[in-house]
Structure formats: structure tokens, C-alpha cells
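So the structure is just underneath, and the comments pick up after that.
Number of protein chains: 4
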Amino acid sequence: MSSRPVARPTRRGAATRERIIEAATEVFARRGVHGTRVADIAERAGVAYGLVYHHFRNKEEILSAIFAERWAQYVAYLEEVAGMPLSFRERMARLVHFWVETYRVETDLMTVMINEITRSYEFLESHDITAVLVAFDPIERIIAEGRESGQVRATVDARLATYAVLGVAEMVLTGYVIGSLPRSDQGAYARDEAQLLALLLDGLSASPS
Amino acid sequence: MSSRPVARPTRRGAATRERIIEAATEVFARRGVHGTRVADIAERAGVAYGLVYHHFRNKEEILSAIFAERWAQYVAYLEEVAGMPLSFRERMARLVHFWVETYRVETDLMTVMINEITRSYEFLESHDITAVLVAFDPIERIIAEGRESGQVRATVDARLATYAVLGVAEMVLTGYVIGSLPRSDQGAYARDEAQLLALLLDGLSASPS
Amino acid sequence: MSSRPVARPTRRGAATRERIIEAATEVFARRGVHGTRVADIAERAGVAYGLVYHHFRNKEEILSAIFAERWAQYVAYLEEVAGMPLSFRERMARLVHFWVETYRVETDLMTVMINEITRSYEFLESHDITAVLVAFDPIERIIAEGRESGQVRATVDARLATYAVLGVAEMVLTGYVIGSLPRSDQGAYARDEAQLLALLLDGLSASPS
Amino acid sequence: MSSRPVARPTRRGAATRERIIEAATEVFARRGVHGTRVADIAERAGVAYGLVYHHFRNKEEILSAIFAERWAQYVAYLEEVAGMPLSFRERMARLVHFWVETYRVETDLMTVMINEITRSYEFLESHDITAVLVAFDPIERIIAEGRESGQVRATVDARLATYAVLGVAEMVLTGYVIGSLPRSDQGAYARDEAQLLALLLDGLSASPS
DNA sequence: GATGAATGAGTCTTCATTCAT
DNA sequence: GATGAATGAAGACTCATTCAT
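Residue numbers (our numbering), protein chains in the order written: chain A, 1 to 209; chain B, 1001 to 1209; chain C, 2001 to 2209; chain D, 3001 to 3209.
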């Protein structure tokens, strides 16, 4: 019908919008987008549910907003690492630390990004999948450059390896979230980082084959 | 009330039940459990939706059935590999081949198991999470045994490594499903298997650190 | 999403559908389509409102069904009159009688057809206006033929006259509905018919100009 | 509570109020009162929707204002014609010209008056129907006087004839609005006026019966 | 066993209206 | 006066589930 701008020019409006996004991130992480009612989001945000529709056209648009505003930051960091004048090992160390650290600090956001964005047919179908996959690019670049500089084995398929690296990160973080990989002290995370780095760089074998 | 027999051991009944499970696997894979209507499953199975309730108490029970009947097979194979008198390398090769092969052949089933069982708060909350995590055990055992026999680096944390291994498998298979890792010819899968095996065993680095 | 056929193969289903249409006709006549809640229709039909959606995709589709199933009958009668080997005067008498009689007997249906179909921008925009205007054709034909046979003044614009004739019918019937033209006894309707026929044939003037 | 002044007699205030009324007339004509949102009116008027409530207590009050301010003018003209020392024929000519002309110039206003005032149960129920029907009076008077002076057939029922006259006017104008009676040049309207006048005065028949 | 009509709780979404700024 | 953020009642629509046939 008519095109409501789905407002937000004022400071208060922007703040409310932000609160809704944060609330949505929390509940999406717990119950998934499908399992979340708009009323849950509103309640968590402490606003009337009608207000959600003042800021977003519908539930999916909130997810899109989370994606639009957070994914770019995520990719930006990956790109930053890819652009640093560091050794391949150093770069991987940064990435591993970043993943572990981010998951610890922004668990809900990472959960949503993984489950509702990266994994969701629904999301991927209604959005430009390219926008999601740009996160893979800097990592592929890091690996490809490492290969060119001789730091990565020459036979490595950079693209496939990228999936492997991201898979490792995702599953371990999922273990944290689900609680099947419980980590109570700070040191545990540091040890995990070392472990993961070693795994990614040197694999499991005691001696190269 | 809740003592309706639900499933019947008739020949036809069993076949219908199986068709419903297969249909559910397909649509669950496409739209997720939440996004799937019982009518979708019935339509896909070519039966009236009311009939679904002759065989299953409700929608979730279909998912539970998929889990109960398929997960056990999956774990059984992992256990079989863990019990084979093979080298660590050989065992890992079997696993990698199994994952790639299974995903190729039973894409929907793997998708459902990953997205709706392994990842789902809902499922994990209403079921014994232990039943899910048993799939991790044989792999952890393979790694631990490999470490004991000196085939795996002594410093490897078997549990964390298990997550890493499964993460690699899952993400690559997700790439297949989403189509972002397109593989048209048979050889591509074989090459991927070799790549993944090398990555898991030897890591990315050109030289061990 | 998936295309629910919006059922009705069984006898009971068809009967229910019919009851819903009749109930909708009543409430649409009283409150208009916009002012009617699906729950009102269901209540009037004595069914759960969910059932309405078993038979119709939405509220508008009920109106479309009323139109589709009733308008054709209405036009069919007009066509019948147009096809009768009668004088112009006789034909007009039949039409006037038909309008008055139908309105008396099927007040709600006529009200809905006039207010929600003939007059509604919403309806006319979402349907083929031609399907509505076919009701004008037989009348225009009657007038044109009357003109050719010398029974209607040669200067009459058949199309414009058709609008005038239908306007007379509609407004008088509206007066009946609104109650501003109260008619309690049978004779009143008969007198009105005579009046209207005289008006349409001879106009208001005491002497032709 | 309900004693908010609502309207303010400031210069700017009055202008805004007028703009809102004009905007409302336009959108009411397109979508009907029910189908119109206050936000639509405000948007069309180029003001914030909250401002509408500075001038009107609610949406219906805008319609009431349209009625109050325009209907009186309309009736006033009819009364003026009824009071003119003219022949019946002349008076009818004035009326027909007025209707055609007004509809041409103020299409939206006429549409709203016909559909949302004259026809609306809602409106007629919440207002004094008498206030609406006063528009019928001068016409009835014109006809009655014509009859007394011998210019109108003695057998004519003035009240019924009034409905017929207004029905003719309304339907033809509806044809203009809907576009099913397209009139591109000025002459067409003039010809229609002549046609309608002849129809009303002399009817369709070639010879009086 | 099989069908699909029927039910109604659960949600999404709209939008009139209020009110702080 | 003017704005648009905020509220929440109202209603449309979906769909899991029951049950008569």
C-alpha cells in the first residue's frame, strides 16, 4: 500500500531501534527466529510490541538489520587481519583469538549469525548470499597468500581449506554455546586457542605424511 | 488419552510410516521443523494429513523418529570404524569418505541431523543431549587411541580435536548443500576427500612449527 | 507457499461452503465488507472461524464467490428478458418487476451486489470490470432494439439510458433498504412498479416536449 | 476528557484543517472511509498524522465535517433552484447541469457524498438521517409543484420520482467516475445533459402510452 | 487404515489514538 | 501548533490437532 518509511530520525527513535535489535539478538539466539514471537522481542526490549512495527516492517527485517549492521563489522575485522603485514601463523593466531574472544563476549550475536544467517535456507534464499560469503574471502586470501609465500603447503585448496577453518571455529564455538564444551576459567580459552592454532597449522598427525 | 498406539505394525502401516519419515526429512531439510507444516509433510508423502497422526503423536515426534532411527545408524558406523583394526590415518580416511559420501547420497537426512538435531535448542532441550553427543565419542576415541599409539601428536586435546574434526566435516558439507562449494564431477569429491584428510592430519603449514 | 486447494469435494464441505456464503451475504449487507470480521461471518454461519479459511483463502474471496455465483444468475435473467419476443414496454415491465421482487426477496444479496460489487473501487480494481458490466449489456440491447423498432425515441442514447434505468432501479431499491421509502403492504410495491414503469417510459412531463 | 477544543480558529490552523479535509476527501473517494488510514490522510495533506488529532477528534469526525460543510452547500443549491421562479423543465435542466458539472469539477467530493454518506449504514446510523434526506426535499418539492401546476403528470408519486431522479443522476455520475462512461470532450457532457433531461421529462417511449 | 472437515489457540500485523517533546 | 514515538486493542490468518465418516 503506502510506503511507511519505518521511521527513526530522532535520537530516541534510534535508541529504541537499537534496543529492539539487541533484544532480538538475545531471543533469536535462544529460540531461533521461527521460535521467537515478536512479543518476546518487545517484552525483552521493554516496549509495546506495536512499536517493533514502527521500526521494522516485520520479524525478518529485524534479522536482516542484525545481519546488515553486524556482519559488516565482522567481515571488516577479517579484512583487517588479512591486510596486516604478518606471517601466516600470526594471522591465523589472530583469527582464532578473535573467534574465541568474540564468542565469549558476544555469544548471542555469534549464535544468531551462525544459526540464523549462515545456516538458514530461509535467510540465504531471501538475501544476497554473496553478502554472507564475503566473510569467506579474506580467509581464503590469507590462505592463498600463505601458499604463495611458501608458508602454506603448495597442495592446499584455499577455498576448501577456508571452509575447514571456519568449520573448526564454528563447531568449537557451538560446543561452548551448547555447554558440551564447558570452559569455566580464562586459561581454558587460552589453551583452546593454542590447540586450535596447532590443529589448523599442523594437523593431528604426530609426523607429516 | 496418551495411550493411543499411534504406530501399527501392519505391512501397509509400516510402509506409510516410512514414507512419512522420508517426506518429513525432505521438507525439514528445506524449511526447518518450525517452518514445516504437517500438511507439507503429508502432501509430500502423498497421504492425507490426518493420517500422519495415526503414526505419530505430533510433528516433533516425527523428528524424534528420524533421530532415533537414523542417528543410531550413523553412530553405529562411527563405532564400527573406531573398532576396526586400522591405523589412525586409515580410520580418518574412512570417516572423511563416509561423511562426503553420505552427504552426497543422503543430503536431506544430513541436513536435518545437523540443523534440527545437533543445532537445535528445542531438540536438545527436550531430548537427552547425551544421545546426540554419543556421535562424538567414537571420534574422540579414535583420536585418543591414535595419540596413545603415537600416531597423533601427544599434545592434542582429543575432545577439542573431535569438535574440530566434526566442524570441518559439517562446514564443507554445508558448502555442498548451499551450493557455495559446487561439485559437479565425481573426481571433485575424491579430491576433496584427499584435501580434507591432509588438512586434518597435517594442517595447513608447509613445515611443522 | 504451498497451494492449498481450499477444499470442498465432499457433500458436507459443499454445504458448509454454501452456509458461509449465505452468512457472509447477510453480514456484508449489514456492515459492508470492510466492517465485517471473519469471525462475524463464522458466527452467523455457526462454524468456527478457522473453517472459513478451509473454504476461502480470505475475506475478499468470499465476496468474489458471491459475485461469481450470483451475478451470473442475475445477468442470465436479464438476458432472458432481452431474448423474449415481447414489446419494449413488456420487457421493461418485466425488468422493473424483477428488480422490485428480487430486492424484496433477496434484499441482502442485492445490497451486497450494489454496494460491495457495483460500487466498490476495491472490488472493481481487483476484478475484471467487464464481468460486472455485462449486466448492462442486455438492457442496452433492449433499449437499442426498442429504438430500432420505433418503440423507443430515435434520439435516445442507449448506453446512457441504460445507466439511467439502472440508476432508477438502484436508488429506489436503496430507499427500500435504508427504510426511507417504507413499504408495508404488498400493494405498495405493485404501485411502485407501475410508477417506475411510467416514469421510465413516459417521463415526468405532463405533455411531451 | 472530551472537552479538548480540537479545532482552533487561527489563520494557519484553519488552513491546515481545510487541507486535511481536502486530503481526506481525496483518499476517502479512492479507498472508502474504512480503507483509509489516518496516516494516509495526513500524508496526502502533507502533515504529521498526530496533527490530524489537533483538528479532529477522530477519523469519523473528518467525514462528519465533510458532510457538515459540503452537504449544506449542496442542499442550499437545490433549495435555490426550488425557489427560482422557473418552469419545471427549466428547474430540471438546472439540476441536471448542476450534477454533471459538479461531478466533473468535484468528483471526489461527490463520490464521498454518495458512497460514504448517502450509502453508508455506518454514517446513517451515527448521524441524523434526516440531515441527509433534506437533499431529497427540494427535489420532491419541485416535482410536487410541477404536478400542481400541471407541468408534471398528475399521477406521478413525487417521492418515488425523487428517488428515480436522484438515481439517474447518481448512476450516470458513477459511470463517469468508474470510467465505464468515458467522456473526453466538453460536448459529450452537454449532450448527456440534454439526453438526461429528455429522459427524465419524456421517458424512453416513442409515443406516450 | 484413510480422509479431510472442523476447531480454536497462537501469532502476526495494522492502525487509531495518545502524549512527550 | 507540529511531530512522530509509543501504545495496545482489534482482527486477519495459520496450522497443529481432533474426530466423524
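Cβ coordinates follow ideal geometry from the N, Cα and C atoms, glycine included.
| Asked | Found |
| --- | --- |
| Please report how far the alpha carbon of A:Thr174 lies from the alpha carbon of A:Glu193, in whole angstroms. | 15 Å |
| With A:Phe67 and A:Ile117 assumed to form a contact (beta carbons below 8 Å), what rounded beta-carbon distance in angstroms separates them? | 5 Å |
| Could you confirm whether any beta carbon from chain C is found closer than 7 Å to the beta carbon of D:Arg3044? | no |
| In the DSSP assignment, find the unbroken alpha helix (DSSP H) run with C:Leu2078 in it and report its ends. | 2072 to 2083 |
| Which residues does DSSP list as the beta-bridge partners of B:Ile1152? | It should be pointed out that residue 1152 of chain B corresponds to Val in this sequence rather than to Ile. According to DSSP, which records beta bridges pairwise, B:Val1152 is partnered with A:Ser205. |
| Reducing DSSP to helix, strand and coil, say where A:Arg11 ends up. | helix |
| Distance check for B:Arg1091 and B:Met1084, CA to CA, integer angstroms please. | 8 Å |
| 7 Å is my cut-off, CB to CB: does D:Asp3128 come that close to chain C? | no |
| Report all residues from its chain with a CB closer than 8 Å to the CB of B:Arg1019; omit the five preceding and five following residues, and keep chain order. | Ala1045, Gly1046, Val1047 |
| Residues in the same chain with beta-carbon distance under 6 Å from B:Val1096, minus the five sequence neighbours each way, listed in chain order, please. | Glu1193, Leu1196, Leu1197 |
| Can you list, in chain order, the residues of the stretch 2170 to 2184 of chain C whose Cβ is nearer than 8 Å to any Cβ on chain D? | Glu2170, Met2171, Val2172, Thr2174, Gly2175, Ile2178, Ser2180, Leu2181 |
| Enumerate in chain order the residues of its own chain whose CB-to-CB distance from D:Val3027 is below 8 Å, with the five nearest sequence positions on each side excluded. | Thr3036, Asp3040, Ile3041, Arg3044 |
| With C-beta atoms as the reference, is C:Tyr2176 less than 7 Å away from C:Tyr2103? | yes |
| Would you call the stretch 3137 to 3146 of chain D and the stretch 3161 to 3168 of chain D touching, i.e. three or more CB-CB distances under 8 Å? | yes |
| Once you ignore the five residues that flank B:Val1134 on each side, which residues in its own chain have a CB closer than 8 Å to its CB? | Val1075 |
| Verify whether the separation of the beta carbon atoms of A:Thr16 and A:Leu109 is less than 7 Å. | no |
| According to DSSP, is C:Ser1957 part of a helix, a strand, or is it coil? | Nothing can be reported for residue 1957 of chain C, as the shown portion of chain C is limited to 2001 through 2209. |
| Determine whether the Cβ of D:Asp3108 lies closer than 7 Å to any Cβ atom of chain C. | no |
| Can you give me the start and stop residues for the alpha helix (DSSP H) that C:Met2092 sits inside? | 2088 to 2105 |
| Does D:Pro3138 come out as helix, strand or coil in the three-state DSSP assignment? | helix |
| When you compare only the Cα positions, how much space is there between B:Val1156 and A:Ala190? | 14 Å |
| Three-state secondary structure (DSSP) at C:His2055? | helix |
| Check each candidate in A:Arg89, A:Glu106, A:Gly50, A:Asn58 and name the one with the smallest Cα separation from A:Gln73. | A:Glu106 |
| Please check if any C-beta of chain C sits within less than 7 Å of the C-beta of D:His3034. | yes |
| Report the residue from A:Thr10, A:Ile178, A:Val81, A:Arg153 whose alpha carbon sits nearest the alpha carbon of A:Ala54. | A quick correction: the sequence has His, not Ala, at residue 54 of chain A. Ranking the options by Cα distance to A:His54, first place goes to A:Thr10. |
| Please classify B:His1034: does DSSP put it in a helix, a strand, or coil? | helix |
| If you follow the alpha helix (DSSP H) that B:Ala1048 is in, where does it begin and where does it stop? | First-last for B:Ala1048: undefined, no H or E at that position. |
| Could you tell me whether any Cβ in chain D is nearer than 7 Å to the Cβ of C:Ala2206? | yes |
| Take B:Leu1201 and list the residues in its own chain whose beta-carbon comes closer than 8 Å to its own, dropping the five residues that flank it on each side. | Arg1089, Met1092 |
| Does the distance from the C-beta atom of C:Gln2151 to that of D:Ala3065 stay below 7 Å? | no |
| Of all the residues that make up the stretch 1190 to 1202 of chain B, which are near chain A by a beta-carbon distance shorter than 8 Å? | Arg1191, Asp1192, Gln1195, Leu1196, Ala1198, Leu1199, Leu1200, Leu1201, Asp1202 |
| Nearest to B:Val1052 by alpha carbon, out of B:Ile1021, B:Tyr1121, B:Glu1069? | B:Ile1021 |
| Identify the continuous alpha helix (DSSP H) that holds C:Ser2120 and give its terminal residues. | First-last for C:Ser2120: undefined, no H or E at that position. |
| Using only the alpha-carbon positions, how far apart do D:Val3172 and C:Ala2154 sit? | 20 Å |
| What does A:Leu124 touch in chain B if you count any residue whose Cβ is under 7 Å from its own? | Ile1178 |
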